[in-house]
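Just so we're aligned, residue -5 is where the sequence shown starts under my numbering, counting upward by one.
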Amino acid sequence: MKIKKIGLLPKVIVAIILGIACSFFFPTWLVRIFVTFNGIFGNFLNFIIPLIIIGLVAPGIAELGKNAGRLLWITVALAYGSTLISGFFSYSVSSTVFPNFIQSGSVADLSSMTKNAVEPYFTIEMPPLMEVMTALILAFVLGLGLASVKGDTFKNILIEFRDLVNMLIAKAIIPLFPIYIFGIFMKICVESEIGFILSIFLKVILIIFAMTAVLLLFQFCVAGIVAKKNPLRCLVNMLPAYVTALGTQSSAATIPVTLAQAKKNGVNDDIAGFTVPLCATIHLAGSILKIVACSYAIVLMNGMTLGLGTYAGFICMLGIVMVAAPGVPGGAIMAALGVLSSILGFTQDMLGLMIALYIAMDSFGTACNVTGDGAIALIVNAINERKMKKEAA
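The following block contains the structure:
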(Lines of atoms letter the chains of each structure in order from A and count residues from 1; the text may use other names and numbers.)
(Lines give C-alpha, C1' and ligand atoms only; values in the text may rest on other atoms or scores of the structure.)
Protein backbone atom coordinates (compact mmCIF):
# COMPACT_ATOMS: atom_id res chain seq x y z
CA MET A 1 0.00 0.00 0.00
CA LYS A 2 1.18 3.47 -0.83
CA ILE A 3 1.51 5.87 2.06
CA LYS A 4 -0.37 9.06 1.33
CA LYS A 5 1.90 12.08 1.25
CA ILE A 6 1.38 14.56 4.07
CA GLY A 7 -0.05 17.81 2.75
CA LEU A 8 1.31 21.29 3.34
CA LEU A 9 -1.49 22.31 5.73
CA PRO A 10 -0.75 19.58 8.32
CA LYS A 11 2.97 20.32 8.07
CA VAL A 12 2.40 24.00 8.73
CA ILE A 13 0.12 23.28 11.71
CA VAL A 14 2.68 20.90 13.19
CA ALA A 15 5.43 23.46 12.62
CA ILE A 16 3.44 26.13 14.49
CA ILE A 17 2.73 23.82 17.46
CA LEU A 18 6.34 22.62 17.66
CA GLY A 19 7.66 26.18 17.36
CA ILE A 20 5.59 27.32 20.33
CA ALA A 21 6.39 24.19 22.39
CA CYS A 22 10.12 24.23 21.71
CA SER A 23 10.39 27.89 22.70
CA PHE A 24 9.92 26.86 26.34
CA PHE A 25 12.94 24.55 26.60
CA PHE A 26 15.28 25.19 23.65
CA PRO A 27 18.55 26.83 24.78
CA THR A 28 19.33 30.24 23.31
CA TRP A 29 22.17 28.93 21.14
CA LEU A 30 19.79 26.46 19.45
CA VAL A 31 17.10 29.11 18.93
CA ARG A 32 19.70 31.32 17.28
CA ILE A 33 20.47 28.54 14.77
CA PHE A 34 16.86 28.58 13.57
CA VAL A 35 16.80 32.38 13.64
CA THR A 36 19.92 32.34 11.45
CA PHE A 37 18.24 29.94 9.00
CA ASN A 38 15.15 32.15 8.91
CA GLY A 39 17.27 35.20 8.19
CA ILE A 40 18.97 33.50 5.25
CA PHE A 41 15.74 31.96 3.92
CA GLY A 42 13.92 35.27 4.34
CA ASN A 43 16.60 37.08 2.35
CA PHE A 44 16.32 34.41 -0.33
CA LEU A 45 12.56 34.98 -0.48
CA ASN A 46 13.14 38.71 -0.88
CA PHE A 47 15.53 37.95 -3.74
CA ILE A 48 13.21 35.53 -5.50
CA ILE A 49 9.93 37.45 -5.12
CA PRO A 50 10.54 39.84 -8.09
CA LEU A 51 11.52 36.84 -10.21
CA ILE A 52 8.33 35.02 -9.19
CA ILE A 53 6.26 38.04 -10.20
CA ILE A 54 7.91 38.34 -13.62
CA GLY A 55 7.97 34.58 -14.19
CA LEU A 56 4.27 34.15 -13.42
CA VAL A 57 2.58 37.42 -14.32
CA ALA A 58 4.27 38.23 -17.64
CA PRO A 59 3.70 34.91 -19.44
CA GLY A 60 0.23 34.64 -17.88
CA ILE A 61 -0.77 37.99 -19.41
CA ALA A 62 0.95 37.19 -22.71
CA GLU A 63 -0.92 33.89 -23.11
CA LEU A 64 -4.26 35.62 -22.56
CA GLY A 65 -3.80 37.45 -25.86
CA LYS A 66 -6.20 40.27 -26.69
CA ASN A 67 -8.14 39.80 -23.45
CA ALA A 68 -5.04 40.56 -21.33
CA GLY A 69 -5.52 44.31 -20.99
CA ARG A 70 -9.21 44.02 -20.18
CA LEU A 71 -8.71 41.31 -17.54
CA LEU A 72 -5.77 43.19 -16.06
CA TRP A 73 -7.85 46.29 -15.42
CA ILE A 74 -10.76 44.19 -14.16
CA THR A 75 -8.42 42.59 -11.62
CA VAL A 76 -7.03 45.96 -10.53
CA ALA A 77 -10.54 47.41 -10.16
CA LEU A 78 -11.73 44.41 -8.13
CA ALA A 79 -8.67 44.57 -5.87
CA TYR A 80 -9.02 48.31 -5.21
CA GLY A 81 -12.79 48.02 -4.68
CA SER A 82 -12.31 45.16 -2.23
CA THR A 83 -9.67 47.19 -0.37
CA LEU A 84 -11.98 50.21 -0.06
CA ILE A 85 -14.90 48.08 1.15
CA SER A 86 -12.62 46.53 3.77
CA GLY A 87 -11.39 49.94 4.95
CA PHE A 88 -14.84 51.48 5.37
CA PHE A 89 -16.16 48.28 6.99
CA SER A 90 -13.29 48.43 9.50
CA TYR A 91 -13.98 52.11 10.25
CA SER A 92 -17.70 51.44 10.80
CA VAL A 93 -17.07 48.63 13.28
CA SER A 94 -14.18 50.40 15.05
CA SER A 95 -16.04 53.71 15.49
CA THR A 96 -19.05 51.84 16.88
CA VAL A 97 -17.41 49.26 19.15
CA PHE A 98 -14.05 50.65 20.32
CA PRO A 99 -15.42 53.66 22.28
CA ASN A 100 -17.22 51.18 24.54
CA PHE A 101 -13.99 49.91 26.10
CA ILE A 102 -11.14 52.22 25.02
CA GLN A 103 -10.51 55.38 27.02
CA SER A 104 -7.85 58.04 26.67
CA GLY A 105 -4.59 56.99 28.33
CA SER A 106 -0.87 56.98 28.16
CA VAL A 107 1.02 55.08 25.45
CA ALA A 108 2.87 52.01 26.69
CA ASP A 109 6.65 51.92 26.71
CA LEU A 110 7.70 50.07 23.57
CA SER A 111 11.23 49.33 24.74
CA SER A 112 10.11 46.34 26.80
CA MET A 113 8.77 44.59 23.71
CA THR A 114 12.20 43.85 22.33
CA LYS A 115 14.27 43.35 25.49
CA ASN A 116 14.52 39.58 24.81
CA ALA A 117 15.33 39.92 21.11
CA VAL A 118 17.17 36.90 19.66
CA GLU A 119 19.74 37.74 17.00
CA PRO A 120 21.06 35.41 14.28
CA TYR A 121 24.68 34.26 14.33
CA PHE A 122 25.20 35.82 10.90
CA THR A 123 23.27 36.99 7.88
CA ILE A 124 23.84 36.66 4.15
CA GLU A 125 22.59 39.64 2.19
CA MET A 126 20.74 38.78 -1.02
CA PRO A 127 19.61 42.08 -2.53
CA PRO A 128 16.89 41.53 -5.14
CA LEU A 129 17.61 42.46 -8.74
CA MET A 130 14.75 44.97 -8.62
CA GLU A 131 12.02 46.29 -6.34
CA VAL A 132 8.64 44.54 -6.23
CA MET A 133 6.89 47.45 -7.95
CA THR A 134 9.55 47.53 -10.67
CA ALA A 135 9.06 43.80 -11.27
CA LEU A 136 5.30 44.26 -11.41
CA ILE A 137 5.50 47.09 -13.96
CA LEU A 138 8.02 45.13 -16.03
CA ALA A 139 5.70 42.10 -15.98
CA PHE A 140 2.83 44.30 -17.20
CA VAL A 141 4.91 45.78 -20.02
CA LEU A 142 6.25 42.42 -21.16
CA GLY A 143 2.91 40.62 -20.86
CA LEU A 144 0.78 43.27 -22.58
CA GLY A 145 3.43 43.83 -25.25
CA LEU A 146 3.80 40.15 -26.08
CA ALA A 147 0.00 39.75 -26.11
CA SER A 148 -0.11 42.30 -28.95
CA VAL A 149 2.75 41.06 -31.17
CA LYS A 150 2.72 38.02 -33.42
CA GLY A 151 6.14 36.60 -32.63
CA ASP A 152 6.48 33.71 -30.18
CA THR A 153 10.24 33.64 -29.56
CA PHE A 154 10.38 35.88 -26.50
CA LYS A 155 7.04 34.55 -25.29
CA ASN A 156 8.48 31.03 -25.30
CA ILE A 157 11.48 32.29 -23.32
CA LEU A 158 9.14 33.69 -20.67
CA ILE A 159 7.19 30.43 -20.60
CA GLU A 160 10.41 28.48 -20.02
CA PHE A 161 11.37 31.00 -17.32
CA ARG A 162 7.98 30.35 -15.70
CA ASP A 163 8.73 26.62 -15.71
CA LEU A 164 12.03 27.38 -13.99
CA VAL A 165 10.31 29.53 -11.36
CA ASN A 166 7.67 26.85 -10.76
CA MET A 167 10.38 24.22 -10.31
CA LEU A 168 12.21 26.48 -7.85
CA ILE A 169 9.00 26.98 -5.91
CA ALA A 170 8.19 23.26 -5.81
CA LYS A 171 11.70 21.95 -5.11
CA ALA A 172 13.26 24.65 -2.92
CA ILE A 173 10.71 26.99 -1.37
CA ILE A 174 7.70 24.84 -0.47
CA PRO A 175 9.73 22.04 1.22
CA LEU A 176 11.47 24.58 3.48
CA PHE A 177 8.32 26.48 4.46
CA PRO A 178 7.55 24.34 7.56
CA ILE A 179 11.06 24.89 8.96
CA TYR A 180 10.78 28.60 8.25
CA ILE A 181 7.41 28.82 10.01
CA PHE A 182 8.72 26.74 12.94
CA GLY A 183 11.51 29.27 13.45
CA ILE A 184 9.18 32.25 13.15
CA PHE A 185 6.80 31.10 15.88
CA MET A 186 9.60 29.95 18.17
CA LYS A 187 11.31 33.35 17.89
CA ILE A 188 8.08 35.22 18.61
CA CYS A 189 7.40 33.18 21.74
CA VAL A 190 10.99 33.47 23.02
CA GLU A 191 10.96 37.24 22.59
CA SER A 192 7.50 37.48 24.21
CA GLU A 193 6.51 40.29 21.85
CA ILE A 194 2.98 39.06 21.17
CA GLY A 195 2.19 38.31 24.81
CA PHE A 196 3.04 41.84 25.89
CA ILE A 197 0.92 43.48 23.23
CA LEU A 198 -2.00 41.08 23.57
CA SER A 199 -2.24 41.89 27.29
CA ILE A 200 -3.08 45.50 26.34
CA PHE A 201 -4.90 45.15 23.04
CA LEU A 202 -6.59 41.76 23.43
CA LYS A 203 -10.09 43.09 22.78
CA VAL A 204 -8.92 45.04 19.73
CA ILE A 205 -7.21 41.97 18.32
CA LEU A 206 -10.24 39.75 18.85
CA ILE A 207 -12.52 42.26 17.13
CA ILE A 208 -10.09 42.59 14.21
CA PHE A 209 -9.94 38.80 13.86
CA ALA A 210 -13.74 38.64 13.81
CA MET A 211 -13.84 41.38 11.16
CA THR A 212 -11.42 39.47 8.91
CA ALA A 213 -13.63 36.38 9.17
CA VAL A 214 -16.73 38.40 8.17
CA LEU A 215 -14.79 40.03 5.33
CA LEU A 216 -13.64 36.67 3.94
CA LEU A 217 -17.16 35.26 4.11
CA PHE A 218 -18.44 38.31 2.22
CA GLN A 219 -15.70 38.06 -0.43
CA PHE A 220 -16.30 34.37 -1.10
CA CYS A 221 -20.09 34.75 -1.08
CA VAL A 222 -19.72 37.36 -3.84
CA ALA A 223 -17.19 35.17 -5.67
CA GLY A 224 -19.43 32.13 -5.28
CA ILE A 225 -22.40 33.99 -6.78
CA VAL A 226 -20.36 35.25 -9.74
CA ALA A 227 -18.53 31.96 -10.37
CA LYS A 228 -21.55 29.80 -9.47
CA LYS A 229 -19.56 27.76 -6.97
CA ASN A 230 -20.04 26.77 -3.33
CA PRO A 231 -18.45 29.72 -1.43
CA LEU A 232 -17.74 27.74 1.75
CA ARG A 233 -16.02 24.95 -0.17
CA CYS A 234 -13.90 27.47 -2.05
CA LEU A 235 -13.01 29.19 1.22
CA VAL A 236 -12.03 25.89 2.84
CA ASN A 237 -9.82 25.09 -0.16
CA MET A 238 -7.90 28.33 0.52
CA LEU A 239 -7.10 27.37 4.14
CA PRO A 240 -3.56 26.13 3.34
CA ALA A 241 -2.75 29.59 1.99
CA TYR A 242 -4.32 31.19 5.08
CA VAL A 243 -2.32 29.06 7.51
CA THR A 244 0.90 29.48 5.51
CA ALA A 245 0.47 33.26 5.58
CA LEU A 246 0.05 33.10 9.36
CA GLY A 247 3.63 31.86 9.53
CA THR A 248 5.32 33.73 6.71
CA GLN A 249 3.52 37.06 7.34
CA SER A 250 4.12 37.75 3.65
CA SER A 251 1.63 37.82 0.78
CA ALA A 252 4.42 37.47 -1.76
CA ALA A 253 6.11 34.60 0.05
CA THR A 254 2.79 32.75 0.15
CA ILE A 255 2.22 33.11 -3.62
CA PRO A 256 3.15 29.47 -4.41
CA VAL A 257 0.56 28.11 -1.97
CA THR A 258 -2.11 30.67 -2.93
CA LEU A 259 -1.56 29.80 -6.59
CA ALA A 260 -1.97 26.07 -5.99
CA GLN A 261 -5.16 26.50 -3.96
CA ALA A 262 -6.70 28.91 -6.50
CA LYS A 263 -6.18 26.26 -9.18
CA LYS A 264 -7.79 23.71 -6.85
CA ASN A 265 -10.88 25.94 -6.85
CA GLY A 266 -11.07 25.54 -10.62
CA VAL A 267 -9.34 28.74 -11.68
CA ASN A 268 -7.69 28.47 -15.11
CA ASP A 269 -3.89 28.14 -14.93
CA ASP A 270 -3.28 31.28 -17.00
CA ILE A 271 -5.79 33.34 -14.99
CA ALA A 272 -4.35 32.13 -11.69
CA GLY A 273 -0.82 32.72 -12.97
CA PHE A 274 -1.32 36.46 -13.28
CA THR A 275 -4.14 37.27 -10.81
CA VAL A 276 -2.55 35.67 -7.74
CA PRO A 277 0.91 37.31 -8.00
CA LEU A 278 -0.75 40.58 -9.02
CA CYS A 279 -3.20 40.54 -6.10
CA ALA A 280 -0.37 39.65 -3.72
CA THR A 281 0.89 43.17 -4.42
CA ILE A 282 -2.24 45.27 -4.97
CA HIS A 283 -4.96 43.48 -2.95
CA LEU A 284 -4.39 44.18 0.73
CA ALA A 285 -7.93 44.18 2.09
CA GLY A 286 -6.87 42.47 5.32
CA SER A 287 -3.98 44.89 5.85
CA ILE A 288 -6.09 48.01 5.37
CA LEU A 289 -8.75 46.58 7.70
CA LYS A 290 -6.10 46.12 10.38
CA ILE A 291 -4.43 49.50 9.80
CA VAL A 292 -7.75 51.37 10.03
CA ALA A 293 -8.81 49.53 13.18
CA CYS A 294 -5.42 49.87 14.92
CA SER A 295 -5.14 53.54 14.01
CA TYR A 296 -8.64 54.25 15.34
CA ALA A 297 -7.78 52.50 18.62
CA ILE A 298 -4.64 54.62 18.98
CA VAL A 299 -6.58 57.77 18.06
CA LEU A 300 -9.02 57.04 20.90
CA MET A 301 -6.21 56.26 23.35
CA ASN A 302 -4.63 59.62 22.63
CA GLY A 303 -7.89 61.56 22.98
CA MET A 304 -8.01 62.67 19.34
CA THR A 305 -11.26 63.31 17.45
CA LEU A 306 -11.25 62.25 13.79
CA GLY A 307 -14.51 61.85 11.90
CA LEU A 308 -15.65 59.98 8.81
CA GLY A 309 -14.54 62.80 6.50
CA THR A 310 -10.92 62.48 7.60
CA TYR A 311 -10.98 58.71 7.55
CA ALA A 312 -12.63 58.59 4.11
CA GLY A 313 -9.69 60.45 2.59
CA PHE A 314 -7.29 58.32 4.62
CA ILE A 315 -8.84 55.05 3.42
CA CYS A 316 -8.94 56.09 -0.26
CA MET A 317 -5.31 57.22 -0.18
CA LEU A 318 -4.23 54.19 1.83
CA GLY A 319 -5.76 51.90 -0.81
CA ILE A 320 -3.46 53.47 -3.40
CA VAL A 321 -0.41 53.46 -1.13
CA MET A 322 -0.93 49.76 -0.42
CA VAL A 323 -0.09 49.01 -4.07
CA ALA A 324 3.46 50.20 -3.42
CA ALA A 325 3.76 48.09 -0.27
CA PRO A 326 6.27 45.24 -0.65
CA GLY A 327 4.71 41.84 -0.07
CA VAL A 328 7.05 41.07 2.82
CA PRO A 329 6.43 41.03 6.60
CA GLY A 330 5.56 44.53 7.80
CA GLY A 331 5.63 45.98 4.28
CA ALA A 332 2.09 47.38 4.44
CA ILE A 333 2.56 49.34 7.65
CA MET A 334 5.88 50.75 6.44
CA ALA A 335 4.20 52.02 3.28
CA ALA A 336 1.33 53.48 5.34
CA LEU A 337 3.46 55.55 7.74
CA GLY A 338 3.45 58.62 5.50
CA VAL A 339 -0.35 58.59 5.19
CA LEU A 340 -0.80 58.05 8.94
CA SER A 341 1.39 61.06 9.61
CA SER A 342 0.09 63.40 6.90
CA ILE A 343 -3.66 62.70 7.08
CA LEU A 344 -4.30 61.43 10.61
CA GLY A 345 -1.58 63.55 12.24
CA PHE A 346 0.24 60.70 13.98
CA THR A 347 3.30 61.69 16.01
CA GLN A 348 6.50 59.63 16.11
CA ASP A 349 5.40 57.97 19.37
CA MET A 350 2.03 57.09 17.85
CA LEU A 351 3.72 55.72 14.73
CA GLY A 352 5.97 53.60 16.93
CA LEU A 353 2.98 52.16 18.78
CA MET A 354 1.21 51.60 15.47
CA ILE A 355 4.18 49.63 14.10
CA ALA A 356 4.43 47.50 17.24
CA LEU A 357 0.71 46.70 17.31
CA TYR A 358 0.55 46.02 13.58
CA ILE A 359 3.61 43.74 13.49
CA ALA A 360 2.26 41.76 16.43
CA MET A 361 -0.86 40.94 14.38
CA ASP A 362 0.73 41.05 10.93
CA SER A 363 -0.04 37.42 10.20
CA PHE A 364 -3.83 37.82 10.55
CA GLY A 365 -4.05 40.64 8.00
CA THR A 366 -1.70 38.88 5.60
CA ALA A 367 -3.69 35.66 5.86
CA CYS A 368 -6.86 37.60 5.04
CA ASN A 369 -5.09 39.22 2.07
CA VAL A 370 -3.96 36.01 0.41
CA THR A 371 -7.20 34.16 1.07
CA GLY A 372 -9.14 37.03 -0.50
CA ASP A 373 -6.86 36.78 -3.53
CA GLY A 374 -8.49 33.42 -4.19
CA ALA A 375 -11.92 35.09 -4.30
CA ILE A 376 -10.76 37.67 -6.83
CA ALA A 377 -9.17 34.93 -8.96
CA LEU A 378 -12.54 33.12 -9.01
CA ILE A 379 -14.38 36.26 -10.16
CA VAL A 380 -11.84 37.11 -12.88
CA ASN A 381 -11.87 33.50 -14.08
CA ALA A 382 -15.69 33.52 -14.30
CA ILE A 383 -15.67 36.81 -16.25
CA ASN A 384 -13.09 35.44 -18.67
CA GLU A 385 -15.01 32.19 -19.22
CA ARG A 386 -18.21 34.07 -20.03
CA LYS A 387 -16.36 36.34 -22.44
CA MET A 388 -14.84 33.35 -24.23
CA LYS A 389 -18.23 31.64 -24.51
CA LYS A 390 -19.75 34.75 -26.10
CA GLU A 391 -16.89 34.99 -28.59
CA ALA A 392 -17.21 31.29 -29.44
CA ALA A 393 -20.96 31.69 -30.03
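C-beta atoms are modelled at their ideal positions from N, C-alpha and C, and glycine is treated no differently.
Nothing here was measured: the structure is a model prediction, and the numbers come from that model.
Excluding the 5 residues flanking it on each side, L39 has same chain C-beta neighbours closer than 6 Å at A247, in chain order. In the DSSP assignment, E154 falls within the unbroken alpha helix (DSSP H) covering 147 to 162. As for any alpha helix (DSSP H) of minimum length 4 sitting wholly inside the stretch 227 to 299, the runs are 233 to 242, 249 to 258, 263 to 276, 279 to 295, ordered along the chain. In this structure, L200 is the residue among L200, N37, P234 with its C-alpha nearest to the C-alpha of M355. Counting only residues of its own chain and dropping the five nearest sequence neighbours on each side, F116 has a CB closer than 7 Å to the CB of T30. Inclusion of P44 and L123 in the CB contact set at 8 Å is warranted, their separation being smaller than that value. The beta-carbon distance between A274 and L209, rounded to whole angstroms, is 17 Å. This is too long to meet the 8 Å contact definition.
DSSP places A376 in the uninterrupted alpha helix (DSSP H) bounded by 356 to 386. In the DSSP annotation of this structure, the continuous segment of the alpha helix (DSSP H) that includes G313 starts and ends at 302 to 315. Taking the C-beta atoms as reference points, I55 is found nearer than 8 Å to A141. Take A133, set aside five residues on each side of it, and the residues of its chain with a beta-carbon closer than 6 Å to its own are I47, I48, V51, A52, in chain order.
Rounded to the nearest whole angstrom, the CA to CA distance from N363 to L229 is 13 Å. Looking at G33, D367, F203, the one whose alpha-carbon comes closest to that of N231 is D367. Residue V251 holds the alpha-carbon nearest to the alpha-carbon of P169 among R380, L345, V251.
Of the residues assessed, N150 falls on the exposed side of the cut-off, its CB having fewer than 16 other CB atoms within 10 angstroms. In the same chain as Y305, and ignoring 5 residues on each side of it, the C-beta atoms closer than 6 Å to its own belong to Y85, in chain order. Between Q255 and P234, the gap from beta carbon to beta carbon is short of 8 Å. The distance from the Cβ of G313 to that of I282 is about 6 Å, consistent with a contact at the 8 Å cut-off.
The residue from R64, R26, F340 with its alpha-carbon nearest to that of N296 is F340. Residue state for L170 is assigned as helix, using DSSP reduced to three classes. When the alpha-carbon of G267 is set against those of I370, G13, A217, the nearest one is in I370. Cβ-Cβ distances below 7 Å link D263 to K257 in the same chain, with the five nearest sequence neighbours on each side left out; the list follows chain order. G36 sits in a helix when the DSSP states are folded into three classes. Separation of R26 and C183 (C-alpha to C-alpha, rounded to the nearest whole angstrom) is 13 Å.
K284 sits buried, since 16 or more C-beta atoms from the chains shown fall within 10 Å of its C-beta. For I118, the secondary structure class from DSSP, reduced to helix, strand or coil, is coil. When secondary structure is reduced to three states using DSSP, M124 falls in the coil class, being assigned neither helix nor strand. Around V112, the same chain offers T22, V25, R26, V29, K181, V184, E185 as residues with beta carbons nearer than 8 Å, after the five sequence neighbours per side are excluded.
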